[in-house]
Amino acid sequence: MSKIYSLFLCVLPLLVALSLPKCSRAQKSIAPRDLWCVAKNNAADQALQEAINWACGPGGANCGPIQQGGPCYDSSDIQRTASWAFNDYYLKNGLTDDACYFSNTAALTSLNPSFDKCKFPSSLSVNNGSISAPTGTIQMRPDSADLSSSNRVVGTWFLSLVTGYLFVAFTWLIQRVS
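When you line the sequence shown up against my numbering, it's residues 1 to 178, in that order.
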């Protein structure tokens with residue numbers, strides 16, 4: 001009986017360790033993807049104008065391209081104008097959710113907002129805080145939830161089930177032997 005009990009005590013910690021979620025162990029990295037900070041399509045024009053004024057003023061965004069004569073100038077589309085200002089600010093200020101908020105008038109997207117001669121740089125074009133020249137290429141990637149870690153849930157659930165089953169089996173076996 002002591003041999004079975006000793007074996008049980010050695011195997012149990014291993015089974016528990018294997019049943020821990022993968023988030024506590026090393027994970028695969030997720031491939032980077034292009035992101036742009038753009039104006040929300042349901043944002044009020046007045047709120048967008050105030051956000052543009054702040055981004056192009058105290059925010060320090062480069063708004064030259066959205067000035068008259070610039071490649072992104074479009075006086076009839078405040079959403080495109082705001083999107084340029086928001087994206088430039090976002091790229092220069094750490095690529096964080098906070099840098100793409102603008103009083104809840106902006107959001108991140110993986111859909112390239114570039115149009116005509118107006119090429120928006122993306123999050124992948126940022127190199128050590130400076131923006132490289134935009135290529136104008138559009139990378140086609142699915143715009144859906146990343147399900148690459150779904151195996152983690154199944155694996156953790158399955159290993160927990162096996163660990164529980166083995167615990168019950170060893171307990172039963174020890175009771176039968178003694």
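Cβ coordinates follow ideal geometry from the N, Cα and C atoms, glycine included. Just so it is clear, the structure is predicted and the values come from calculations on it, not from any experiment.
Among the options, nearest to residue i - alpha-carbon criterion
i: Ser123; options: Phe115, Tyr73, Asn41, Thr96; result: Thr96
i: Pro58; options: Ala85, Phe170, Ala47, Thr171; result: Ala85
i: Asp88; options: Val177, Lys119, Ala47, Ser75; result: Lys119
i: Leu91; options: Phe167, Ser125, Ala107, Asp45; result: Ser125
i: Cys72; options: Ser114, Asp45, Gly60, Leu166; result: Ser114
i: Glu50; options: Gln79, Arg176, Phe167; result: Gln79
i: Arg33; options: Thr81, Gln175, Pro121; result: Pro121
With 16 other Cβ atoms within 10 Å as the buried cut-off, status of residue i
i: Thr98; result: Before going further, note that residue 98 is Asp rather than Thr in the sequence given. With fewer than 16 other Cβ atoms within 10 Å, it is exposed.
i: Lys117; result: exposed
i: Trp36; result: buried
i: Ile52; result: buried
i: Ile30; result: exposed
i: Leu111; result: exposed
i: Cys23; result: Any reading at Cys23 needs caution, since the residue's pLDDT is 46, under 50, leaving its predicted position unreliable; the model's value is listed next. Looking at its Cβ environment, which holds fewer than 16 other Cβ atoms inside 10 Å, Cys23 is exposed.
Three-state secondary structure (DSSP) of residue i
i: Phe120; result: coil
i: Leu48; result: helix
i: Cys100; result: helix
i: Ser148; result: Low confidence applies here, because Ser148 scores a pLDDT of 38, under 50, leaving its location unreliable; read the following figure in that light. Correct three-state label for Ser148: coil.
i: Cys72; result: coil
i: Ala106; result: strand
Endpoints, beta strand (DSSP E) assigned at residue i
i: Gly39; result: In the sequence under discussion, the amino acid at residue 39 is Ala, which differs from the Gly named in the question. Element bounds for Ala39: 36-39.
First through last residue of the alpha helix (DSSP H) which encompasses residue i
i: Asn87; result: 78-92
For residue j and residue i, believed in contact at Cβ under 8 angstroms, the rounded distance
i: Thr105; j: Ala43; result: 4 angstroms
i: Ser76; j: Ala39; result: Not quite, the Cβ-Cβ distance comes to about 14 angstroms (not below 8 angstroms), so this is no contact.
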